[in-house]
Structure formats: C-alpha cells, structure tokens
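Accompanying notes for the structure given below.
There are 2 protein chains.
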Amino acid sequence: MDPKNRLNEDVHRVHSNIERVRSRAPRLKDERVTLAHGAGGKASAALVEQVFVSAYESAELRQAEDAALLTFPGSPGEGDDGSRIAFSTDSYVVDPLEFPGGSIGDLAVNGTVNDLAVSGALPEVISAAFILEEGLEIAVLRRIVADMHAAAEKAGVRIVTGDTKVVPRGHGDGVYITTAGMGRIPASVQLDAHGLQPGDRILCSGPIADHGMAVMMARGDLAISAPIESDTRAINGLTAALLDAAPHTRWMRDATRGGVATVMNECAQLSGLGIVLEDQHLPVRDMTRAACDMLGIDPLYVANEGTFLAVVPAEEADAGLDALHAAGAPEACAVGRVAESPAAQVALVTGFGGTRMVDMLVGDPLPRIC
Amino acid sequence: MDPKNRLNEDVHRVHSNIERVRSRAPRLKDERVTLAHGAGGKASAALVEQVFVSAYESAELRQAEDAALLTFPGSPGEGDDGSRIAFSTDSYVVDPLEFPGGSIGDLAVNGTVNDLAVSGALPEVISAAFILEEGLEIAVLRRIVADMHAAAEKAGVRIVTGDTKVVPRGHGDGVYITTAGMGRIPASVQLDAHGLQPGDRILCSGPIADHGMAVMMARGDLAISAPIESDTRAINGLTAALLDAAPHTRWMRDATRGGVATVMNECAQLSGLGIVLEDQHLPVRDMTRAACDMLGIDPLYVANEGTFLAVVPAEEADAGLDALHAAGAPEACAVGRVAESPAAQVALVTGFGGTRMVDMLVGDPLPRIC
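Line order of the protein sequences matches chains A and B. Numbering-wise, full-length UniProt numbering puts 359 at position 359 of the first sequence, and it's gapless, one number per residue. Numbering-wise, full-length UniProt numbering puts 239 at position 239 of the second sequence, and it's gapless, one number per residue.
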C-alpha cells in the first residue's frame with residue numbers, strides 16, 4: 001500500500017478511536033469496564049470516584065492526589081519533627097514491554113518514585129509485584145528486572161519486597177508490574193493546590209509528549225516511524241532541587257496518563273482558579289510535534305513519564321528554573337500562569353493571540369501507554 | 001458419564017498435572033515462565049532467588065520473609081522507640097473471582113494484612129492497584145470493592161491510595177489486584193527463625209486446606225462438590241494476642257501458596273533445625289479431608305488464606321494457645337515441635353508411629369489459588 005494511504009488510514013483509525021471513546025459516557029453510566037476507564041482522563045476519574053472512593057470511605061483517597069500522605073497520630077505517620085510519610089502505588093501494563101528509551105521495568109520504578117516526588121517526598125523504598133504470563137521468556141524478564149535495578153539505583157531508592165504470580169498463557173500480556181513506594185515529606189514542604197494564587201507561574205520540567213509517541217511508534221503498526229525516545233526518568237532529584245530553590249512551591253504533578261492537559265485540569269479543579277497555558281512556550285521536540293501533527297494528536301494529551309509541572313510563586317519562578325536547569329533539566333521552562341479566570345478551567349493562548357479551552361482527556365486514543 | 005468415572009478422570013487429571021509439573025526442573029534451567037513459578041514452592045523460590053534477588057541486590061529481599069522490615073537510619077524506619085516499619089506486597093489473580101467464603105477482594109486485603117501480621121507488625125494502611133479487563137461488569141467490580149472495604153474495616157486497616165489500569169479484552173482475567181501495606185513492629189517484638197530452639201512447639205491457628213479446596217470446588221470442573229468455605233480472614237488480631245501471651249514467640253508465617261508443608265520447610269531451612277509435625281494433630285475438617293482424599297491431594301500442600309503457624313517456646317505454648325482460643329481461633333492447636341534432626345528438613349509422624357519426610361511443594365497442582 002502507498003505509504004501516504006497507510007498514513008491516512010492510521011490517522012483515520014486514531015480519529016475514529018477518539019470518536020468512539022468520546023461517544024462513551026464520561027460519567028459512570030457504563031455497565032462494563034472500557035479502555036477509557038484506564039486512560040487517566042474523565043472516565044477514569046468517574047470510575048475512581050464512583051466505585052472506589054465512595055466504597056472505601058477513605059479521607060486520603062478523597063485528596064485526589066497520586067500519593068497518600070499519612071498524618072494519623074502515632075506511627076507510621078507524622079514524626080516528632082512534623083514530617084509525614086507518603087505512600088503511593090501504580091500498576092504498569094505498557095504494550096510493548098520494551099520501547100525506545102526504556103521498558104516496563106523503568107516505568108514501574110520511575111513512575112512510583114515520581115508520584116512520591118511530586119507529593120514533596122524523598123522516595124526511599126519500593127515494592128515490586130509481578131504478574132507473569134506462562135510462556136514469558138526468562139531472558140525478557142531478566143532484562144526488565146535489570147532495568148528496574150538500574151532505575152532504582154539512579155533514583156536512590158531500594159526495592160525491598162515483592163511478589164510473583166503466574167497466570168496461564170492467554171490471560172496476561174507477558175508482564176504486568178505493580179510497584180508501591182514510600183518516602184518521607186520534610187515538615188518544611190507543604191504542597192496544596194488550595195494554596196494557588198493568581199499570578200503564580202507554571203513551570204514544566206522538559207519536553208512533552210515523547211513517552212506516548214515513543215510507545216506508539218514502538219508498536220510498529222503505524223506507517224510512520226520516527227526516532228522518538230521515551231522521557232522515562234526519576235524526577236526526585238529535580239523536585240528536591242526545585243523545593244530547595246523555590247520553597248513556596250504550591251503544587252507539583254507528573255504529567256503521565258492524560259498528559260499536561262489532564263494534569264492542569266486537575267490543578268484548576270482542585271484550586272478553583274484558572275490555568276492559562278501559552279502554546280508558544282510549551283516545549284515539544286520537532287520530531288514529536290511532527291509525529292503528533294501527522295496523526296492529528298494534540299501533544300497536550302500525550303503521556304509523559306519523566307516530566308512534571310509545578311506551580312510556583314512568581315517571585316520564586318526564576319530561582320526555581322535556574323535550579324531545574326542545574327539539576328539536570330536544561331529544557332525546563334515557564335509555560336503559563338494562574339489566573340482568576342477561567343475559574344476551575346484551563347485556557348490555552350495560541351501563537352496568534354487567540355484563546356481556546358483545554359478540557360481533560362476524554363476516552364483513550366492511546367491505550368496501554370504505561 | 002458415570003460420576004465415578006468422572007471422578008476417576010478428575011483424579012487422573014490432578015495427578016498427571018502434578019507429574020507434569022514435577023517433571024519440570026525446580027532449578028531455573030527453564031527458559032520460559034511456567035505455572036509452577038507462581039505456585040509458591042521450589043520453582044517460585046528458584047525464580048525469586050535467581051532472577052529477582054540476584055538482580056536487585058537488596059538486603060531486605062535476602063531475608064526471604066514476606067514483609068520487608070525497614071531499619072535504615074532516619075525515617076521511615078526505626079523510630080526513637082526502637083520500632084520498625086514492615087512493608088509488604090502481593091498480587092492476587094485467583095480464579096474464579098468469587099468463591100464460597102470470599103472473593104479476590106477479601107484475599108487482597110487479608111493476604112497483605114496477614115503478611116504484615118506474621119512479621120509482628122500492627123497493620124495500618126493498604127494500597128490497592130487494579131488491573132481490569134475491558135468488558136468486566138461494573139457490578140462485579142462493585143462487589144469486589146465492597147468486599148475489600150468490609151475486610152479492611154474488620155482488620156482495622158485503611159485503604160489510602162490506589163491505581164486503576166485497564167487491559168484489552170483477552171489480556172486479563174476480569175480483575176487482578178495488587179495490594180501493598182505497612183505497619184509498625186513494636187520494639188518488643190523480635191521474630192527471627194534463627195532464634196528457634198529444639199523443644200519449641202509449633203502452633204497452628206486453625207483447620208488447614210479449606211481455601212485451596214474451596215476455590216477448586218468453585219471452578220466447577222470437578223465431578224465432586226462439597227460445601228467447603230475459604231478460610232480467608234485477617235489474622236492480625238490473633239497474632240497480636242499470641243505475641244501478648246507468648247512474648248518469646250520465635251517466628252510466624254501464614255500458610256498460603258504451597259501450604260503448611262512449604263512454610264514449614266522454609267522455617268526448617270532458615271533455622272537449620274528440624275520440624276517434626278504430628279499427622280494426628282493436624283487440623284483438617286472432615287469434608288476437606290474427604291475431598292482431598294478423593295482427589296489424592298495432600299492437605300499439607302493446599303493453600304490457606306487465614307491460617308498461620310507459629311513457633312513458640314514450650315513454656316509459653318499453653319498460654320499462647322489459650323490466647324488464640326480467646327481471640328477467635330477456637331480450633332488453634334499444637335501440631336508439632338522443633339528438633340535437632342532432621343536438620344533443615346520437615347518430618348511427619350504418622351498415626352501408626354511411622355515417619356515420612358515432607359518436601360516443599362514442587363510444581364503447582366492447583367494453579368491460580370490466590
């Protein structure tokens with residue numbers, strides 16, 4: 001088939017996929033689980049809110065953060081020094097298991113380290129539970145485990161406990177990994193989206209959309225290919241440097257499933273304030289932008305695995321950026337600001353001076369991305 | 001088909017399954033993952049030792065316990081009062097999702113609570129990560145989540161953080177759940193298999209083999225059926241009562257995958273001493289024993305999900321048993337003792353005065369039991 005025709009088919013498939021999931025209800029009127037429930041956008045939020053949070057009646061779950069902050073009296077919890085323990089978990093089901101720039105092993109360590117890091121914690125220990133599919137090559141498992149070890153070393157965390165289950169051929173997909181992690185949040189760190197102020201700056205630690213596009217290319221079912229690498233990395237060194245240089249940082253979040261658009265919408269909803277992003281300042285590598293353009297995918301909705309957003313007071317923004325540049329994020333930049341309006345929503349100012357609203361991800365144009 | 005013939009076929013199938021997995025190498029010369037790697041016996045141990053422990057180079061993993069005890073300087077770890085934090089994780093892939101006496105939701109909470117409890121910890125918080133299969137009925141998910149909530153309430157733990165991923169139809173099995181948990185171990189509790197002494201008594205908290213047989217019956221592919229219920233329950237109340245009454249308790253372990261035989265072998269290997277079990281004192285309900293007999297399965301190898309074994313000094317055994325009876329385990333009993341020989345092995349004294357050696361589980365006659 002002519003490559004151009006294949007590309008058109010790809011574009012059509014992606015768009016019909018988007019349409020298909022958009023047509024599904026974001027509210028939980030579904031009677032069955034759909035792929036959109038796993039995408040990190042509106043459907044995921046509905047599932048979590050209406051099935052899990054309502055059933056568990058847990059104050060920590062209601063915080064709608066990626067890590068629970070344990071502050072109950074006695075221990076483990078608030079220390080004598082006012083520190084708290086952060087506790088977080090994520091399952092990883094990425095397809096394929098290995099892709100340019102990383103593997104499910106890197107993701108499983110970095111993802112949980114990063115959830116702890118953006119809560120303001122210093123990640124210390126990780127657990128790793130494996131669901132293996134009968135028939136998986138041990139050599140593949142060894143490579144993944146080696147990636148986890150290397151990622152843990154790099155992040156300065158230890159993998160201290162684990163579990164292995166095996167499911168019969170056809171009931172898994174090689175390897176699923178679930179990690180949980182914990183770390184301590186120094187008493188000086190008080191992150192809370194409710195503390196946002198109009199005028200605060202939004203910092204982004206690096207180029208966006210690389211991870212999702214790298215995984216999509218690695219699946220090999222698109223007519224286009226491009227040398228895009230996942231951004232998977234541990235960001236705990238970056239968040240610590242930022243908190244040091246910009247001690248009044250309000251809030252941080254890694255832009256994973258649902259991308260920058262979804263994370264910024266969560267921030268707007270939690271704070272009740274508006275987030276105004278500037279299109280021309282959003283860092284997207286040329287290759288990644290070209291791939292997104294060809295497939296008609298907005299990079300704002302593509303998952304990242306080593307890129308985070310931080311809201312800092314305007315007067316600490318420059319110091320924060322300098323610290324990020326020095327700590328290993330040379331492409332960190334300011335991408336927007338907090339405003340009174342649009343209240344609880346996100347707006348994007350385009351290069352031509354126009355403005356458009358940016359909604360949360362609806363549905364899942366790119367399933368199994370992490 | 002004549003029921004008797006069907007039963008004979010079942011027995012034959014179970015036995016050929018056992019033979020098939022026995023013929024596989026317990027050492028990791030396999031090049032692919034097999035179901036036996038998930039069964040909790042020798043193959044699991046080989047996989048963990050040769051793939052995970054060797055790669056992660058983690059001192060905690062080498063302890064070969066189900067929970068990591070975190071004692072590193074600073075926190076989270078050893079408190080000023082000498083207490084430590086226990087951290088544990090398990091994935092649950094039981095088939096079917098619901099069975100007499102419980103569901104994957106009960107298992108996922110109780111299993112992790114129990115791993116913490118037998119490490120001597122007071123379990124406090126749990127994380128829950130779901131891998132959902134596209135097409136799962138939301139009603140089923142709601143029931144499982146309700147079971148988790150009820151189990152957590154009963155155990156006195158809180159579910160504080162979680163995650164949800166969705167995999168496409170055909171790449172899961174309804175629901176897989178991974179929980180991680182933590183709790184604090186009081187300074188007074190010092191459990192260590194190296195502390196075992198000849199003459200110590202082995203206590204068993206209740207009837208064995210119910211869980212595995214209940215799940216097997218629930219699959220509905222056997223000619224026999226029997227009203228056997230899983231023993232799934234949280235044992236943290238029991239372990240706390242035991243530690244209170246028998247403060248020099250040496251070691252505890254819940255007898256899950258691989259059953260009592262496998263757990264006792266781990267204990268013998270860790271301590272270097274012999275474990276002598278008395279067949280006539282092993283508590284097995286009549287119905288469960290009959291089902292095991294008909295299928296030719298040794299109840300010593302069948303998984304339990306709410307039954308644990310404890311090694312206590314002889315002089316504290318009676319007080320320990322009294323405490324267990326009072327705390328909700330009326331059928332707790334002494335099932336054996338620690339001896340100089342057979343060194344690092346387990347022997348079973350039969351009713352006729354004979355003795356046979358009891359090996360670890362080899363292979364997996366009952367896959368997907370938890």
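Cβ atoms here follow ideal geometry from the backbone N, Cα and C, with glycine treated the same way.
Next on the checklist: I need the boundaries of the beta strand (DSSP E) containing Ala223/B, first residue and last residue.
Outcome noted: Translated into the one-based positions of the second sequence, residue 223/B becomes position 223. Where Ala223/B is concerned, there is no enclosing beta strand (DSSP E), given that its DSSP letter is neither H nor E.
Checklist entry - By how many angstroms is the C-alpha of Val118/B removed from the C-alpha of Leu324/B? => result Here residue 324/B corresponds to residue number 324 of the second sequence, with the count starting at 1. Here residue 118/B corresponds to residue number 118 of the second sequence, with the count starting at 1. Cα to Cα, the separation comes out at about 14 angstroms.
Checklist entry - Among Arg233/A, Gly336/A and Arg143/A, which residue has its Cα nearest to the Cα of Asp254/A? => result Here residue 254/A is taken as the residue at index 254 of the first sequence, counted from 1. Looking at the Cα atoms, Arg233/A is the closest of the given residues.
Checklist entry - Using a C-beta cutoff of 8 angstroms, does Tyr301/B count as contacting chain A? => result The residue given as residue 301/B occupies position 301 in the second sequence. No, no contact with chain A.
Item to check | Length of the line joining the Cα atoms of Ile369/B and Tyr301/B | outcome: Counting from one through the second sequence, the residue named residue 369/B turns up at place 369. Counting from one through the second sequence, the residue named residue 301/B turns up at place 301. Roughly 12 angstroms separates the two Cα atoms.
Checklist entry - Going by beta carbon distance, what residues of the same chain come within less than 6 angstroms of Ile159/B, once the five residues before and after it are set aside? => result To locate residue 159/B, count along the second sequence from 1; it is residue 159. Once the five neighbours on either side are set aside, the close Cβ partners of Ile159/B are Ile126, Ala128 and Ala152.
Checklist entry - Curious, which full-length alpha helix (DSSP H) runs of at least 4 residues does the UniProt domain "PurM-like N-terminal" (65 to 185) of chain B contain? => result 104 to 118 and 138 to 155
Item to check | Uninterrupted alpha helix (DSSP H) stretches inside the region 338 to 365 of chain A (no shorter than 4 residues) | outcome: none
Next on the checklist: I want to verify the contact list: residues of chain B whose CB lies under 8 angstroms from the CB of Arg142/A, in sequence order.
Outcome noted: As a first step, residue 142/A is located in the first sequence; it is residue number 142 there, counting from the start. Going along chain B in sequence order, the residues near Arg142/A (Cβ under 8 angstroms) are Val51 and Ala55.
Checklist entry - Does the Cβ of Met360/A have 16 or more other Cβ atoms within 10 Å, making it buried, or fewer, making it exposed? => result Here the question's residue 360/A lines up with position 360 in the first sequence. Result: buried.
Checklist entry - If Val338/B sits next to Val358/B, beta carbons under 8 angstroms apart, how far is it from one beta carbon to the other, in whole angstroms? => result The count along the second sequence starts at 1 and reaches residue 338/B at position 338. The count along the second sequence starts at 1 and reaches residue 358/B at position 358. No, Val338/B and Val358/B are not in contact; Cβ-Cβ is about 15 angstroms, not under 8 angstroms.
Next on the checklist: Measuring alpha carbon to alpha carbon, tell me which residue in Leu238/B, Gly120/B, Ser271/B and Ala180/B is nearest Val346/B.
Outcome noted: As a position in the second sequence, residue 346/B is number 346, starting the count at 1. Comparing Cα-Cα distances from Val346/B to each of Leu238/B, Gly120/B, Ser271/B and Ala180/B, the minimum goes to Ser271/B.
Next on the checklist: Taking the beta carbon of Glu31/B as the centre, do at least 16 other beta carbons fall within 10 Å, making it buried, or is it exposed?
Outcome noted: As a position in the second sequence, residue 31/B is number 31, starting the count at 1. Flag for Glu31/B reads exposed.
Next on the checklist: Beta-carbon within less than 7 angstroms of Ala332/B's beta-carbon, same chain only, minus the 5 sequence neighbours each way: which residues are those?
Outcome noted: Walking along the second sequence from the start, residue 332/B turns up at place 332. Leu203, Cys204, Ser205, Gly206, Leu321, Leu324 and His325, listed in sequence order.
Checklist entry - Near Gly135/B, what residues of its chain come up, given a Cβ to Cβ distance below 8 angstroms and the 5 sequence neighbours on each side ignored? => result Against the second sequence, residue 135/B aligns to sequence position 135. So the qualifying residues of the chain are Arg169.
Next on the checklist: My assumption, with CB atoms under 8 angstroms, is that Ile185/B sits in contact with Ala121/B. Please give the rounded CB distance.
Outcome noted: Taking the first residue of the second sequence as position 1, residue 185/B is located at position 185. Taking the first residue of the second sequence as position 1, residue 121/B is located at position 121. Rounded to whole angstroms, the Cβ separation of Ile185/B and Ala121/B is 5 angstroms, and the two are in contact under 8 angstroms.
Checklist entry - Mind checking if Met216/A is an interface residue toward chain B, Cβ cutoff 8 angstroms exclusive? => result Stepping through the first sequence from its first residue, residue 216/A is reached at position 216. For Met216/A, the answer is no, since every Cβ of chain B falls outside 8 angstroms of its Cβ.
Checklist entry - Does Leu243/A get closer than 8 angstroms to chain B when you measure Cβ to Cβ? => result As a working note, residue 243/A is residue 243 in the first sequence. Taking Cβ atoms only, chain B never reaches closer than 8 angstroms to Leu243/A, which makes this a no.
Next on the checklist: Could you check whether Ala67/A and residue 434/B sit closer than 8 angstroms to each other, using their CB atoms as the reference points?
Outcome noted: The shown model of chain B, from 1 to 370, leaves out residue 434/B, and the question about it has no answer.
Next on the checklist: Does Thr350/A pass the burial test, meaning 16 or more other C-beta atoms within 10 Å, or should it be called exposed?
Outcome noted: For the purposes of this step, residue 350/A is taken as the residue at position 350 of the first sequence. Classification for Thr350/A: exposed.
Item to check | Closer than 8 angstroms to chain B by CB, Met360/A | outcome: Position 360 of the first sequence, counted from the first residue, corresponds to residue 360/A. For Met360/A, the answer is no, since every Cβ of chain B falls outside 8 angstroms of its Cβ.
Next on the checklist: Output needed in chain order: residues of the region 247 to 275 of chain B with a Cβ under 7 angstroms from some Cβ in chain D.
Outcome noted: Here the protein chains are A and B, and chain D is not one of them.
Checklist entry - Expressed to the nearest angstrom, what Euclidean distance is found between the alpha-carbon atoms of Phe52/A and Met287/B? => result Stepping through the first sequence from its first residue, residue 52/A is reached at position 52. Stepping through the second sequence from its first residue, residue 287/B is reached at position 287. Using only the alpha carbons, I get a separation of about 37 angstroms.
Next on the checklist: On the CB-based measure, 16 or more other CB atoms within 10 Å of its CB, does Gly174/B come out buried or exposed?
Outcome noted: Counting from one through the second sequence, the residue named residue 174/B turns up at place 174. Buried, because 16 or more other Cβ atoms sit within 10 Å of the Cβ of Gly174/B.
Checklist entry - Which ranges does the alpha helix (DSSP H) cover as unbroken runs of at least 4 residues, wholly within the region 212 to 251 of chain B, from first to last along the chain? => result 236 to 245
Item to check | Buried or exposed (CB count within 10 angstroms, at least 16 for buried), Arg257/B | outcome: Locating residue 257/B in the second sequence gives position 257, counting from the first residue. By the 10 Å Cβ count, Arg257/B comes out buried.
Checklist entry - Taking Cβ to Cβ, would you say Gly172/A is nearer than 8 angstroms to Leu132/A? => result Residue 172/A sits at position 172 when you count from the first residue of the first sequence. Residue 132/A sits at position 132 when you count from the first residue of the first sequence. A distance below 8 angstroms separates the beta carbons of Gly172/A and Leu132/A.
Checklist entry - Hey, is Ile131/B's beta-carbon within less than 8 angstroms of any beta-carbon in chain A? => result Locating residue 131/B in the second sequence gives position 131, where the first residue counts as 1. Yes, its Cβ sits closer than 8 angstroms to a Cβ of chain A.
Item to check | Chain-ordered chain A contacts of Gly135/B [CB-CB under 7 angstroms] | outcome: By one-based count along the second sequence, residue 135/B stands at place 135. Under the 7 angstroms cutoff, chain A gives Arg32 and Val33.
Next on the checklist: I want to verify the contact list: residues of chain A whose CB lies under 8 angstroms from the CB of His37/B, in sequence order.
Outcome noted: Here residue 37/B refers to the residue found at position 37 when the second sequence is read from its first residue. Correct list: Leu132, Thr164 and Val166.
Checklist entry - So which of Ile208/A, Ala43/A and Met182/A has the shortest CA-CA distance to Ala303/A? => result Within the first sequence, the letter at position 303 stands for residue 303/A. Nearest of Ile208/A, Ala43/A and Met182/A to Ala303/A, Cα basis: Ile208/A.
Checklist entry - Taking the C-alpha atoms as reference points, what is the distance between Met252/B and Pro100/B? => result Within the second sequence, numbered from 1, the residue matching residue 252/B stands at position 252. Within the second sequence, numbered from 1, the residue matching residue 100/B stands at position 100. Computed Cα separation, rounded: 27 angstroms.
Checklist entry - Taking Cβ to Cβ, would you say Thr307/A is nearer than 8 angstroms to Asp231/A? => result Within the first sequence, residue 307/A is the residue found at index 307, counting from 1. Within the first sequence, residue 231/A is the residue found at index 231, counting from 1. Contact: yes.
Next on the checklist: Can you pull the chain A neighbours of Leu366/B, defined as C-beta to C-beta under 9 angstroms?
Outcome noted: Here residue 366/B is taken as the residue at index 366 of the second sequence, counted from 1. By Cβ distance, chain A contributes nothing, its closest Cβ being about 13 angstroms from Leu366/B, past 9 angstroms.
Checklist entry - If you draw a straight line from the alpha carbon of Lys154/B to that of Leu70/A, how long is it in whole angstroms? => result Along the second sequence, read from residue 1 onward, the residue named residue 154/B stands at position 154. Along the first sequence, read from residue 1 onward, the residue named residue 70/A stands at position 70. Approximately 20 angstroms, taken between the alpha carbons.
Checklist entry - Just reading off the alpha helix (DSSP H) that Ala46/B is part of, what are its end residues? => result Within the second sequence, the letter at position 46 stands for residue 46/B. Segment Lys42 to Leu47, the alpha helix (DSSP H) holding Ala46/B.
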